[in-house]
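J.:
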Amino acid sequence: GQGVEQPAKLMSVEGTFARVNCTYSTSGFNGLSWYQQREGQAPVFLSYVVLDGLKDSGHFSTFLSRSNGYSYLLLTELQIKDSASYLCAVRPSSSGSWQLIFGSGTQLTVMP
Amino acid sequence: NAGVIQTPRHKVTGKGQEATLWCEPISGHSAVFWYRQTIVQGLEFLTYFRNQAPIDDSGMPKERFSAQMPNQSHSTLKIQSTQPQDSAVYLCASSFQGIEVFFGKGTRLTVV
Numbered sequence: 015g016q017g018v019e020q021p022a023k024l025m026s027v028e029g030t031f032a033r034v035n036c037t038y039s040t041s042g043f044n045g046l047s048w049y050q051q052r053e054g055q056a057p058v059f060l061s062y063v064v065l066d067g068l069k070d071s072g073h074f075s076t077f078l079s080r081s082n083g084y085s086y087l088l089l090t091e092l093q094i095k096d097s098a099s100y101l102c103a104v105r106p107s108s109s110g111s112w113q114l115i116f117g118s119g120t121q122l123t124v125m126p
Numbered sequence: 009n010a011g012v013i014q015t016p017r018h019k020v021t022g023k024g025q026e027a028t029l030w031c032e033p034i035s036g037h038s039a040v041f042w043y044r045q046t047i048v049q050g051l052e053f054l055t056y057f058r059n060q061a062p063i064d065d066s067g068m069p070k071e072r073f074s075a076q077m078p079n080q081s082h083s084t085l086k087i088q089s090t091q092p093q094d095s096a097v098y099l100c101a102s103s104f105q106g107i108e109v110f111f112g113k114g115t116r117l118t119v120v
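The structure is reproduced here in structure tokens:
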């Protein structure tokens with residue numbers, strides 16, 4: 015079956031970095047997105063990647079390896095406000111659908 | 009830009025009653041999605057429309073759930089004969105090209 019997996023929790027320290035991992039197994043692949051979701055709020059789009067390699071967007075960077083079904087979101091210079099759930103989502107579309115399959119999210123806690 | 013607007017924000021229904029959830033997508037966005045989110049299952053795709061036409065309803069429980077998009081400015085998700093397991097946050101989202109997806113704040117449905 016199709017699936018997107020993420021670790022449930024991650025802790026890091028303010029001023030350092032955190033890497034949120036995501037592995038996926040889908041029938042097709044048409045891009046991978048990362049979303050941030052704070053408690054009680056809607057998911058907010060962070061990044062989209064479809065090609066292998068590292069995409070640097072400043073505070074957030076995203077890596078993709080399609081052959082390994084693996085991605086990570088790298089947050090640098092962490093701030094307390096980066097504490098949130100980070101969701102990985104794959105567009106598996108072999109049919110042209112824009113459906114996203116989400117992982118369960120990684121709850122990042124940034125400690126002082 | 010008010011973003012994706014969902015009403016009501018909270019809804020409580022008795023078991024067996026009908027619930028209708030409303031969504032106003034961002035103006036100019038061609039795609040409208042419905043997802044639901046629970047602690048146990050995470051974010052699950054239900055259905056989506058593109059240019060008001062239903063494209064993919066593979067995530068919809070067929071018997072009691074239905075979605076419509078009668079015009080560009082709103083979509084509805086109707087659940088007939090609600091059951092306790094339907095309790096979830098129902099998220100509507102819209103997108104221009106399917107890459108950056110904007111979510112509404114959701115409707116929290118509680119079936120008692």
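Protein chains in written order, with our numbering: chain Z, 15 to 126; chain U, 9 to 120. We put the beta carbon where it would ideally sit given N, CA and C, even for glycine. Keep in mind the model is a prediction, meaning the values are calculated, not measured.
Using CA coordinates, which residue listed in Z/16, Z/66, Z/36 and Z/72 is at the minimum distance from residue 100 of chain Z?
T.: If you number the first sequence from 1, residue 100 of chain Z lands on position 86. The option with the nearest alpha carbon to residue 100 of chain Z is Z/36.
J.: Using a Cβ cut-off of 8 Å (strictly closer), state whether residue 22 of chain Z contacts chain U.
T.: For the purposes of this step, residue 22 of chain Z is taken as the residue at position 8 of the first sequence. No, because no Cβ of chain U sits closer than 8 Å to the Cβ of residue 22 of chain Z.
J.: Specify, as a first and last residue, the run of the beta strand (DSSP E) that residue 22 of chain Z falls within.
T.: Here the question's residue 22 of chain Z lines up with position 8 in the first sequence. Looking at the DSSP string, residue 22 of chain Z is not in any beta strand (DSSP E), and its letter there is neither H nor E.
J.: Beta-carbon separation of residue 45 of chain Z and residue 63 of chain Z under 8 Å?
T.: The sequence position of residue 45 of chain Z within the first sequence is 31, counting from 1. The sequence position of residue 63 of chain Z within the first sequence is 49, counting from 1. Contact flag set, yes.
J.: Just the Cα atoms here: how many angstroms apart are residue 21 of chain Z and residue 112 of chain U?
T.: Your numbering for residue 21 of chain Z matches position 7 in the first sequence. Your numbering for residue 112 of chain U matches position 104 in the second sequence. Each residue's Cα considered, the two are about 26 Å apart.
J.: Below 7 Å on C-beta distance, what does residue 131 of chain Z contact in chain U?
T.: This structure gives no information on residue 131 of chain Z, because the portion of chain Z shown stretches from 15 to 126.
J.: Using beta carbons (cut-off 8 Å, strictly below), is residue 109 of chain U in contact with chain Z?
T.: Start at 1 with the first residue of the second sequence, and residue 109 of chain U comes out as number 101. Output row for residue 109 of chain U: interface = yes.
J.: What does the alpha-carbon distance come out to for the pair residue 117 of chain U and residue 54 of chain Z?
T.: The sequence position of residue 117 of chain U within the second sequence is 109, counting from 1. The sequence position of residue 54 of chain Z within the first sequence is 40, counting from 1. Roughly 14 Å between the two C-alpha positions.
J.: Less than 6 Å between C-beta atoms, sequence neighbours within five positions excluded: which residues of the same chain meet that for residue 96 of chain Z?
T.: The sequence position of residue 96 of chain Z within the first sequence is 82, counting from 1. 89 and 124, listed in sequence order.
J.: Who are the near neighbours of residue 65 of chain U in its chain, counting only those whose CB is closer than 6 Å to its CB and skipping five residues on each side?
T.: Within the second sequence, residue 65 of chain U is the residue found at index 57, counting from 1. Counting only Cβ-Cβ distances below 6 Å, and skipping sequence neighbours, we find 55.
J.: Output the distance between the C-alpha atoms of residue 77 of chain U and residue 29 of chain U, rounded to the nearest integer angstrom.
T.: The residue you call residue 77 of chain U lines up with position 69 of the second sequence. The residue you call residue 29 of chain U lines up with position 21 of the second sequence. C-alpha separation (whole angstroms): 12 Å.
J.: Please report the distance separating the alpha-carbon of residue 46 of chain U from that of residue 11 of chain U.
T.: Residue numbering aside, residue 46 of chain U sits at position 38 when the second sequence is read from its first letter. Residue numbering aside, residue 11 of chain U sits at position 3 when the second sequence is read from its first letter. Cα to Cα, the separation comes out at about 23 Å.
J.: When you compare each of Z/33, Z/70, Z/81 and Z/67 to residue 39 of chain Z by their alpha carbons, which one comes out closest?
T.: Here the question's residue 39 of chain Z lines up with position 25 in the first sequence. Comparing Cα positions, the closest option is Z/81.
J.: Listing by chain order, which chain U residues have their CB less than 8 Å from the CB of residue 45 of chain Z?
T.: On the first sequence, residue 45 of chain Z is found 31 positions in, with the first residue counted as 1. Within 8 Å Cβ-Cβ: 107.
J.: Here's the rule: buried if 16 or more other CB atoms are within 10 angstroms of the residue's CB, otherwise exposed. What is residue 31 of chain Z?
T.: For the purposes of this step, residue 31 of chain Z is taken as residue 17 along the first sequence, with counting starting at 1. The residue is exposed, with fewer than 16 neighbouring Cβ atoms inside 10 Å.
J.: Classify residue 67 of chain Z: buried if its beta carbon has 16 or more other beta carbons within 10 angstroms, exposed otherwise.
T.: Taking the first residue of the first sequence as position 1, residue 67 of chain Z is located at position 53. By the 10 Å Cβ count, residue 67 of chain Z comes out exposed.
J.: Under a three-way DSSP split, which group does residue 92 of chain U fall into?
T.: Position 84 of the second sequence, counted from the start, is the residue given in the question as residue 92 of chain U. Residue state, collapsed to three classes: helix.
J.: Would you list, in chain order, the members of the segment 54–74 of chain Z that have their beta-carbon closer than 8 Å to a beta-carbon of chain U?
T.: Per Cβ criterion, the list reads 55, 56, 57, 58, 59 and 62.
J.: Nearest to residue 98 of chain Z by alpha carbon, out of Z/91, Z/105, Z/43 and Z/57?
T.: For the purposes of this step, residue 98 of chain Z is identified with residue 84 of the first sequence, where counting begins at 1. Closest option to residue 98 of chain Z, Cα to Cα, is Z/57.
J.: Tell me, please, which residues DSSP counts as bridged to residue 48 of chain Z.
T.: As a first step, residue 48 of chain Z is located in the first sequence; it is residue number 34 there, counting from the start. Its beta-bridge partners are Z/61 and Z/102.
J.: With DSSP as the reference, label residue 86 of chain U as helix, strand or coil.
T.: On the second sequence, residue 86 of chain U is found 78 positions in, with the first residue counted as 1. Of the three classes helix, strand and coil, the one that applies to residue 86 of chain U here is strand, per DSSP.
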